[in-house]
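Chains as they are written, first to last, in the working numbering: chain A, 38 to 349; chain B, 38 to 349.
Every residue gets a Cβ at the ideal spot worked out from N, C-alpha and C, and that includes glycine.
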């Protein structure tokens, strides 16, 4: 494994955790961030500045891996600096949607050696102070694996994920967005609908009778609305497909309930889906040769497995 | 408080827990059940027989409170025995829907002094062996509070609920069914839809990326389908209203996402609903005078509160 240096732009929850985890794994790390997070990181002994250009220049000089850990709306500005200061750098990101990020990189920093990433970890909190070195331990870390991308940078991103304790799930950019629409964004919308229906009555009797099924089903409706909106609205096209699937199933169920009164098809399909999820939950983990074909890598993600290291 | 004796028909999870809890509270208890549960209960030292008539006859002779803790489809047969052996007994039940039960009692045992009940506790398991004395501790126990019902039996049911450690939520029969459709049955159907959407793809990538929002949102989809079907299908009319509300909200959200891309209305309404639930979660608990008006009792449930004892 290389011990490639890591430059992190954005030292919030994700970027701040990444800086800590990579340093703990022995990497040279530095970064840039907004004033508050930079100050907190600096106070904790990390080389984090507010001077994005300086951080990127050092990355260009040392052939470091640059990680963009900023929200989607902040990307264009940062990418303009990448194109100006470190145009051909090794580049990845941590944003929860991948098509929109790839399009933005193509537009603002087309010369960068970019391989998208999505570490699937987080908490309800944000900022440097909420970060921790083991945030990614045991988590899935999606690494974009579309044909044509740079295999050397793919290896850099995978090795960073492993160094942080995560397993690598290879996925095509568009397949990632469709998958997270179904299993990550749709749950937030259905939780919102359920919470609204439960609280819709004229009185509080329903809420007084709500027990664990309601508590679990609405838990993520307690997330700060801005976070949910940023996540879901950035994945609009894929989310529409997931919502339409849910609407179709709910409508068919409504029809069956009204006509025959039967809910068996819905309930059994849901039970089977949950069982399938439970079975897919603990991927075995495979090792792959360096410079494996991207098509072979994508197949590993499609069968629900993950890459945990190099063969040999 | 009286120490009225309690005769429980059906010694499964709920009935078996009730027998244990009521005995622990000092009541004289006995019952009848199917062979397997009766044998298990007998082995644990409880007076539970397979002879329903004998158990009911003893209830009639001692003016005991009869609790029907059998599934909805088993009610007609049991109620025929009530009408034959203990026609004017003090009668309640533990079934999770209340309109269908009231109709069935009216039809098969019209002379019984019936006040419906619904202790809102349970586990994924069933049978005598799964029961425990503290199953109802801290739980809501709905007691039907429609105009015209027998206030003496209302007091009997409330005192039994308190003896088991529960708080009493008074509710009109139809309002109960509408409330549980929204906060108990709809969560199971939305969980089923979400689990089916997550598992619907051609491959396992979505399931490999599913994290806590999917795990929580689909948890009750892991319940045995027969239990969910029995619960939901017995509450068809009220459930249709809840499903239509959910469909309307999901459809409006779909329209907003497709047109403006905005999800703020949905997400904010969900967040507000969850906050309202969190605030309503720990009812203060009130004491009422014996023989309070049923209308005043219903108002306590409607404002999300519960009755925890007698005043004076």
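Chain B residues whose Cβ lies nearer than 9 Å to that of residue i
| i | result |
| --- | --- |
| residue 133/A | Near residue 133/A there are no residues of chain B at all, since even the closest Cβ is about 10 Å away, more than 9 Å. |
| residue 168/A | Here the premise fails: no neighbours, minimum Cβ distance about 18 Å. |
For residue j and residue i, the rounded distance between their alpha carbons
| i | j | result |
| --- | --- | --- |
| residue 323/B | residue 205/B | 10 Å |
| residue 149/A | residue 240/B | 31 Å |
| residue 162/B | residue 51/B | 10 Å |
| residue 111/B | residue 342/A | 47 Å |
| residue 170/B | residue 207/B | 23 Å |
| residue 61/A | residue 348/A | 24 Å |
| residue 168/B | residue 53/B | 5 Å |
| residue 249/A | residue 122/B | 39 Å |
| residue 231/A | residue 335/B | 25 Å |
| residue 101/B | residue 79/B | 20 Å |
| residue 265/B | residue 290/A | 14 Å |
| residue 117/A | residue 339/A | 34 Å |
| residue 84/B | residue 64/B | 13 Å |
| residue 284/A | residue 221/B | 20 Å |
| residue 181/A | residue 203/B | 53 Å |
| residue 98/A | residue 120/A | 14 Å |
| residue 44/B | residue 310/A | 41 Å |
| residue 74/B | residue 86/B | 9 Å |
| residue 296/A | residue 272/B | 14 Å |
| residue 164/A | residue 303/A | 41 Å |
| residue 129/B | residue 288/A | 36 Å |
| residue 226/A | residue 226/B | 15 Å |
Top-ranked residue by Cα proximity to residue i, from the options
| i | options | result |
| --- | --- | --- |
| residue 158/B | 67/B, 263/B, 237/B, 217/B | 217/B |
| residue 224/A | 242/A, 192/A, 257/A | 257/A |
| residue 251/B | 188/A, 313/A, 300/A | 313/A |
| residue 317/B | 245/B, 195/B, 71/B, 337/B | 337/B |
| residue 210/B | 142/A, 186/A, 242/A, 237/A | 242/A |
| residue 276/A | 56/A, 180/A, 219/A | 219/A |
| residue 143/B | 124/B, 46/B, 301/B | 124/B |
| residue 46/B | 140/B, 39/B, 89/B, 82/B | 89/B |
| residue 40/B | 194/B, 94/B, 269/B, 74/B | 194/B |
| residue 270/B | 301/A, 115/A, 319/A | 301/A |
| residue 244/A | 244/B, 245/B, 212/B, 263/B | 212/B |
| residue 197/A | 147/A, 315/A, 127/A | 127/A |
For residue i, the three-state DSSP class (helix, strand or coil)
| i | result |
| --- | --- |
| residue 150/B | strand |
| residue 108/A | coil |
| residue 116/B | helix |
| residue 128/A | strand |
| residue 186/B | coil |
| residue 68/A | strand |
| residue 44/A | strand |
| residue 204/B | strand |
| residue 297/B | coil |
| residue 102/B | strand |
| residue 285/B | helix |
| residue 141/A | helix |
| residue 303/B | helix |
| residue 321/B | coil |
| residue 345/A | strand |
| residue 255/B | coil |
Partners in chain A for residue i, counting only beta-carbon separations shorter than 7 Å
| i | result |
| --- | --- |
| residue 250/B | 221, 224, 225, 257 |
| residue 165/B | Within chain A, no residue comes near residue 165/B; the closest Cβ sits about 23 Å away, beyond 7 Å. |
| residue 317/B | 241, 244, 245 |
| residue 208/B | 242 |
| residue 320/B | 245 |
| residue 212/B | 242 |
Beta-carbon spacing of residue i, residue j below 8 Å
| i | j | result |
| --- | --- | --- |
| residue 58/B | residue 201/B | yes |
| residue 68/A | residue 91/A | no |
| residue 152/B | residue 190/B | yes |
| residue 154/A | residue 308/B | no |
| residue 299/B | residue 293/B | yes |
| residue 228/A | residue 254/B | yes |
| residue 280/B | residue 214/B | no |
| residue 113/B | residue 131/B | no |
| residue 106/A | residue 172/A | no |
| residue 77/B | residue 166/B | yes |
| residue 109/A | residue 138/A | yes |
| residue 331/A | residue 187/A | no |
Residue i: CB within 7 Å of a non-hydrogen atom of the ligand SAH
| i | result |
| --- | --- |
| residue 150/B | With respect to small molecules bound, the structure shown includes none, and the ligand SAH cannot be examined in it. |
Partners in chain A for residue i, counting only beta-carbon separations shorter than 9 Å
| i | result |
| --- | --- |
| residue 141/B | Correct list: empty, because the minimum Cβ distance to chain A is about 16 Å. |
| residue 156/B | What residue 156/B touches in chain A: nothing, since even the nearest Cβ is about 11 Å away. |
Interface partners of residue i on chain B, CB under 8 Å
| i | result |
| --- | --- |
| residue 347/A | Result: empty, since nearest Cβ-Cβ is about 20 Å, beyond 8 Å. |
| residue 303/A | 226, 229, 230, 233 |
Closer than 7 Å at the beta carbon, the chain B residues around residue i
| i | result |
| --- | --- |
| residue 55/A | Ordered by position in chain B, no residue passes the 7 Å Cβ test against residue 55/A, which lies about 18 Å from the chain. |
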